[in-house]
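Undergrad: The sequence shown finishes on residue 140 if you use my numbering, and the numbering steps up by one all the way, no holes. Positions of the beta carbon are idealized from the N, C-alpha and C atoms, including for glycine. Bear in mind the structure is a predicted one, so any value in this text is a computation, not a measurement. Right, I'll just put the structure down here and ask away after.
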Amino acid sequence: MLGRNRRQTFLIRLTLHTLNRQSACIPSLIVFAQSMESPALND
């Protein structure tokens, strides 16, 4: 169980590090997601 907890903590840290490194890309990803959803909403 400790091994699984340690791996989960590592994955969380890796995810947070990736988000911090790519934080500049997040607004463009949000805009992209909204642009993908907007045709369905307009239809």
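#1: Just verifying my parser: in three-state terms, what is the DSSP assignment at Gln131?
#2: Per DSSP, what kind of secondary structure is Gln105 in: helix, strand or coil?
#3: Could you check the C-alpha separation between Arg103 and Pro124 for me, to the nearest Å?
TA: The relevant details are as follows:
#1: Position 34 of the sequence shown, counting from 1, holds the residue named residue 131. Gln131: helix per DSSP, three-state reduction.
#2: Within the sequence shown, residue 105 is the residue found at index 8, counting from 1. In this structure, Gln105 counts as helix in the three-state DSSP scheme.
#3: Along the sequence shown, one-based indexing puts residue 103 at 6. Along the sequence shown, one-based indexing puts residue 124 at 27. Their backbone Cα atoms lie some 31 Å apart in a straight line.
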